Amino acid sequence: MAYLIDEHKLEKIYLKSYHTIGRYKFNVDTLIDQPGVSRHHAIIELAQGKWLIRDVSTNGIWINDKKVDKNLPYQLCENDKIDFAAQGQNSYVVANLSDDCQYLVSQTNSKQVIEVKDQALLPNSDDPTHIIYFDNVLNYWFLEDLNTNDRQALIDGGLVSAFNDQWLFYSASTAAMTKHLDNQPTVKPCGLTFNVSQDEESTQLSVELSGESVDLGTRTHHYLLLLLARTRIQDKRAGNDLDEQGWLYREELVKALGVQMNHMNIMVHRARKQLCDAGGEVNPELAYLIETSNGRVRLNSQDITIIKGRKLETRITI
Numbered sequence: 001m002a003y004l005i006d007e008h009k010l011e012k013i014y015l016k017s018y019h020t021i022g023r024y025k026f027n028v029d030t031l032i033d034q035p036g037v038s039r040h041h042a043i044i045e046l047a048q049g050k051w052l053i054r055d056v057s058t059n060g061i062w063i064n065d066k067k068v069d070k071n072l073p074y075q076l077c078e079n080d081k082i083d084f085a086a087q088g089q090n091s092y093v094v095a096n097l098s099d100d101c102q103y104l105v106s107q108t109n110s111k112q113v114i115e116v117k118d119q120a121l122l123p124n125s126d127d128p129t130h131i132i133y134f135d136n137v138l139n140y141w142f143l144e145d146l147n148t149n150d151r152q153a154l155i156d157g158g159l160v161s162a163f164n165d166q167w168l169f170y171s172a173s174t175a176a177m178t179k180h181l182d183n184q185p186t187v188k189p190c191g192l193t194f195n196v197s198q199d200e201e202s203t204q205l206s207v208e209l210s211g212e213s214v215d216l217g218t219r220t221h222h223y224l225l226l227l228l229a230r231t232r233i234q235d236k237r238a239g240n241d242l243d244e245q246g247w248l249y250r251e252e253l254v255k256a257l258g259v260q261m262n263h264m265n266i267m268v269h270r271a272r273k274q275l276c277d278a279g280g281e282v283n284p285e286l287a288y289l290i291e292t293s294n295g296r297v298r299l300n301s302q303d304i305t306i307i308k309g310r311k312l313e314t315r316i317t318i
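Counting with the UniProt record's numbering, you get residues 1 to 318 for the letters of the sequence shown.
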């Protein structure tokens with residue numbers, strides 16, 4: 001995570017990817033209510049992996065006791081000392097300049113910070129109520145309630161309510177939303193091969209994409225995908241329209257899997273993450289093999305092969 005330390009208060013000042021500092025209480029990210037500090041005094045932003053500070057004030061900024069030129073970006077380094085408005089006054093030290101930092105900061109206890117890399121169960125993995133994750137296709141962070149399936153997009157510097165508290169979300173990233181949230185991307189033609197044991201206690205999954213096969217191993221959430229695959233096949237054989245094939249309400253999945261709703265939602269997210277990792281940078285949309293809409297879930301694969309107990313159960317093209 002990226003932050004400064006206020007030398008007077010000995011508090012951490014977490015940095016947004018575009019962070020404003022000044023005396024204008026209602027329009028800056030960090031308030032310095034001291035004489036000589038301008039309403040908008042400085043801007044710190046992350047650009048191409050570098051943290052830059054720019055003086056936009058009347059009375060200036062000093063970096064390591066040297067006044068910087070106004071309106072020109074200065075690259076910050078860890079352990080730099082920054083003085084606002086006067087040398088030796090309103091001093092802050094650059095403590096960390098990570099460019100890969102996402103975290104939630106409690107608004108009732110600023111020392112309570114949750115760091116997130118790519119996906120995390122909250123408030124803990126043993127008894128989670130929410131999941132926070134990055135959508136590689138939309139380039140956005142989301143917080144999703146595992147019990148209600150409600151999800152909200154997380155905006156750098158925005159407030160979010162969870163776990164009976166208010167949290168401020170920080171994301172030092174220049175990524176922007178490139179697609180509308182309601183749009184689902186088109187998934188490239190791919191095939192799924194399930195190898196399920198005779199007693200259906202274990203399910204191995206392979207993905208065929210662009211002429212290559214990727215073994216995803218044996219995972220618990222592969223059985224959830226198998227149930228969705230069988231539903232898709234059943235609806236196709238019944239002659240249902242393509243847009244209506246394969247949908248299962250989450251409550252139906254919970255019943256079929258014999259688990260609680262939050263456990264089922266965790267399985268969905270783990271499956272998505274594994275598929276997304278398998279697709280990598282070339283095929284990140286692979287995570288959207290699992291489609292969701294209005295409380296329903298389905299599998300969106302063109303070719304499905306199911307082998308049960310070493311015997312072919314089904315091979316079909318959707």
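Even for Gly, the Cβ is constructed at its ideal location relative to N, Cα and C. None of these values were measured; they are calculated from a predicted model.
Segment limits, alpha helix (DSSP H) that includes residue i
i: residue 152; result: Residue 152 -> not in any alpha helix (DSSP H); beta strand (DSSP E) instead, spanning 151-154.
i: residue 291; result: No alpha helix (DSSP H) holds residue 291; the beta strand (DSSP E) holding it covers 290-293.
Helix, strand or coil at residue i [DSSP, three-state]
i: residue 32; result: coil
i: residue 15; result: coil
i: residue 241; result: coil
i: residue 203; result: strand
i: residue 231; result: helix
i: residue 119; result: strand
i: residue 273; result: helix
i: residue 72; result: coil
i: residue 113; result: strand
i: residue 255; result: helix
i: residue 225; result: helix
i: residue 303; result: strand
i: residue 250; result: helix
i: residue 262; result: helix
i: residue 9; result: coil
i: residue 143; result: strand
i: residue 162; result: strand
i: residue 268; result: helix
i: residue 308; result: strand
i: residue 25; result: coil
i: residue 175; result: Reliability fails at residue 175, whose pLDDT of 46 lies under 50, so the model's placement of it is uncertain and no value is given.
i: residue 181; result: In this prediction, residue 181 has a pLDDT of 41, which is less than 50 and means its spatial position is unreliable; what the coordinates show is noted afterwards. Residue state, collapsed to three classes: coil.
Beta-carbon gap between residue i and residue j smaller than 9 Å
i: residue 213; j: residue 195; result: no
i: residue 331; j: residue 103; result: Lying before the first or after the last residue shown, residue 331 is absent from the chain, which here runs from 1 to 318.
i: residue 115; j: residue 130; result: no
i: residue 54; j: residue 42; result: yes
i: residue 153; j: residue 142; result: yes
i: residue 275; j: residue 267; result: no
i: residue 51; j: residue 61; result: no
i: residue 133; j: residue 118; result: yes
i: residue 247; j: residue 310; result: no
i: residue 71; j: residue 37; result: no
i: residue 216; j: residue 278; result: yes
i: residue 85; j: residue 110; result: no
i: residue 193; j: residue 219; result: no
i: residue 83; j: residue 92; result: yes
Heavy atom of the ligand PLP within 8 Å of residue i beta-carbon
i: residue 208; result: Here there are no bound small molecules, and the ligand PLP is not part of this structure.
Range covered by the beta strand (DSSP E) that runs through residue i
i: residue 168; result: 165-171
i: residue 312; result: 311-317
i: residue 54; result: 50-55
i: residue 106; result: 102-106
i: residue 46; result: 42-47
i: residue 212; result: 212-218
i: residue 133; result: 130-135
i: residue 81; result: 81-84
i: residue 125; result: Neither: residue 125 is in no beta strand (DSSP E) and is coded neither H nor E.
i: residue 95; result: 91-97
i: residue 195; result: 190-196
Sequence-distant residues of its chain with Cβ nearer than 7 Å to residue i (five each side left out)
i: residue 271; result: 221, 224, 225 and 290
i: residue 16; result: 29, 156, 157 and 170
i: residue 317; result: 302 and 303
i: residue 46; result: 17, 99, 172 and 174
i: residue 249; result: 295 and 296
i: residue 135; result: 142
i: residue 308; result: 196 and 198
Cutoff 8 Å; reference residue i; Cβ partners in own chain excluding five residues on either side
i: residue 98; result: 1, 2 and 172
i: residue 64; result: 80 and 81
i: residue 77; result: 94 and 97
i: residue 159; result: 107, 166, 167, 168 and 169
Spatial neighbours of residue i in its chain, beta-carbon cut-off 6 Å, leaving aside the 5 residues before and after
i: residue 95; result: 3 and 5
i: residue 313; result: 306
i: residue 191; result: 208 and 303
i: residue 123; result: 163
i: residue 315; result: 305
i: residue 245; result: 232, 235 and 236
i: residue 261; result: 147 and 254
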